[in-house]
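Chemist: Read left to right, the sequence shown gives residues 334 to 403 (my numbering).
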Amino acid sequence: MVGLKVYESSHDMVGVVSGFAPGGMVHLVRPTGYQWSVPWTRVRPATDREKRQLAALAKLHCTRCAGLAA
Numbered sequence: 334m335v336g337l338k339v340y341e342s343s344h345d346m347v348g349v350v351s352g353f354a355p356g357g358m359v360h361l362v363r364p365t366g367y368q369w370s371v372p373w374t375r376v377r378p379a380t381d382r383e384k385r386q387l388a389a390l391a392k393l394h395c396t397r398c399a400g401l402a403a
């Protein structure tokens, strides 16, 4: 499901599902814009802690981007 927050084991990172590709690949994205694709077998739903981690990363990224614009 697009928009689902998931943990991806090979990168040891939390990301958001942004799409799917043939062959069982899942496209993931982080708040910083980093994107990667992995087989669906390497992802699982994010825990509450991992969801908070992703939210904190998004907040930090927004803060840093706002600082660059000033």
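Built from N, CA and C at the ideal position, the CB exists for glycine as well. Small disclaimer: the values here were computed from a predicted structure and weren't measured.
1) Could you tell me which residues DSSP puts in a beta bridge with Val371?
2) Compare the C-alpha of Tyr406 against each of Asp381, Arg377, Val350 and Ala379 and name the closest.
3) Have a look at Glu383, Pro355 and Lys384 and flag the residue whose alpha-carbon is nearest the alpha-carbon of Ser370.
4) Hey, would you say Lys338 sits closer than 9 Å to Leu387, going by beta carbons?
5) Nearest-angstrom Cα distance between Val335 and Thr396?
6) Quick check on this structure: which residue in Cys398, Tyr340 and Thr374 has the alpha carbon closest to the alpha carbon of Met358?
Modeler: Let's see:
1) Beta-bridge pairing by DSSP links Val371 to Val359.
2) What the structure shows of the chain is the stretch from 334 to 403, and residue 406 is not part of that stretch, so it cannot be assessed.
3) Taking only the C-alpha atoms, the option nearest Ser370 is Pro355.
4) Yes, the pair counts as a contact, with Cβ atoms nearer than the cut-off.
5) Distance between the alpha carbons of Val335 and Thr396: 26 Å.
6) For the set Cys398, Tyr340 and Thr374, the Cα lying nearest the Cα of Met358 is the one of Thr374.
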